[in-house]
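Beneath this line is the structure, given in structure tokens, with notes to follow.
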Ligand code: KMH
Ligand code: ZN
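Numbering (the numbering used here), first residue to last: 171 to 443.
Written as structure tokens, this is what we have:
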């Protein structure tokens, strides 16, 4: 099996300092946190940005500051969020693509998101996919429910998504697909050949889903976007602490951890510009 690509999702759009006081918010804090996660084995940083009030923003200028601060510190692959915060317009969500990051997220369907709706109608998905292709940005297809995998297959059939496609199974969002072994196996069995996949288990599901993915040949996402605890009753001190544990599991299971450049070659990315 290949080495494990660890993605760190350090901040997200919804997590607050009330959830975990160690949450990084400013571009410099995010860059410092990502740097520590990189030292611990993260190869991809899934980024969201926050404004001066700590609220989610898709302002390219805020992303730019975080991306530059990260690039001054390390060679981690930067993946911007095109999901943003529930309720944002498509234009707002796509704005960070102007920065031509190496990767960006592409959610291929709508899903109830707690008491809200994370809306991704088909025309928006196609528009985002085309924008990514035009800008040379590799999509990470975010799958919150199994229909989203089917839509990605349709997009591949139509040539709107080109192989090798990389998937992220986000399991355990209230309203989305539950984080169970059976569901993870079901999704992996439905992947097109040549695809790569990672899993992001939400909350207490983060660790068991990570361990399963390492055992199954997949990759892993961890971080405060998805989970703020290290273990029951104990908040994580940093995103790096969560990354370190996955790196240990990957080592114990004989896979080891991919560097950013190893991940670039496994995902079919070019060299960073
Ligand atoms: N904040 C969620 C509504 C993504 O980054 O693409 C969407 C999300 C997915 O976080
Ligand atoms: Zn996200």
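Note that the Cβ used here is the ideal one computed from N, Cα and C, for glycine as well.
Spatially closest choice to residue i from the options, by CA coordinates
| i | options | result |
| --- | --- | --- |
| residue 216 | 252, 231, 416 | 252 |
| residue 423 | 302, 388, 313 | 388 |
| residue 273 | 255, 312, 281, 171 | 312 |
| residue 302 | 316, 327, 263 | 263 |
| residue 186 | 434, 436, 405, 441 | 405 |
| residue 359 | 370, 344, 337 | 337 |
| residue 258 | 282, 362, 241, 290 | 290 |
| residue 409 | 300, 189, 220, 206 | 206 |
| residue 401 | 304, 386, 378, 385 | 378 |
| residue 118 | 202, 280, 293 | An answer regarding residue 118 cannot be provided, because it is not within the stretch 171 to 443 covered by the chain. |
Contact set for residue i: own chain, Cβ-Cβ below 6 Å, skip 5 residues either direction
| i | result |
| --- | --- |
| residue 223 | none |
| residue 383 | 369, 390 |
| residue 214 | 177, 247, 249 |
| residue 428 | 173, 175, 213 |
Cα-Cα separation, residue i to residue j
| i | j | result |
| --- | --- | --- |
| residue 250 | residue 295 | 16 Å |
| residue 210 | residue 374 | 21 Å |
| residue 393 | residue 178 | 5 Å |
| residue 231 | residue 371 | 30 Å |
| residue 228 | residue 265 | 6 Å |
| residue 171 | residue 380 | 15 Å |
| residue 345 | residue 288 | 10 Å |
| residue 415 | residue 399 | 12 Å |
| residue 339 | residue 347 | 9 Å |
Residue i Cβ short of 7 Å to the ligand ZN heavy atom set
| i | result |
| --- | --- |
| residue 216 | yes |
| residue 368 | no |
| residue 275 | yes |
Distance cut-off 7 Å: residue i Cβ against heavy atoms of the ligand KMH
| i | result |
| --- | --- |
| residue 251 | yes |
| residue 207 | no |
| residue 177 | no |
| residue 256 | yes |
| residue 339 | no |
Contacts around residue i, its chain only, beta-carbon distance under 7 Å, and the 5 residues preceding and following it disregarded
| i | result |
| --- | --- |
| residue 323 | 362 |
| residue 254 | 183, 226, 228, 262, 263 |
| residue 437 | 308, 336, 366 |
Same chain, Cβ closer than 8 Å to residue i, neighbours up to 5 away in sequence not counted
| i | result |
| --- | --- |
| residue 278 | 290, 295, 311, 312, 313, 318, 319, 321, 322, 325 |
Please specify which runs of the beta strand (DSSP E), each continuous and at least 3 residues long, are wholly inside the segment 306-371, giving them in chain order.
308-313, 336-341, 366-371
For a minimum of 3 consecutive residues, which ranges assigned as the beta strand (DSSP E) are wholly contained in the segment 392-439?
399-401
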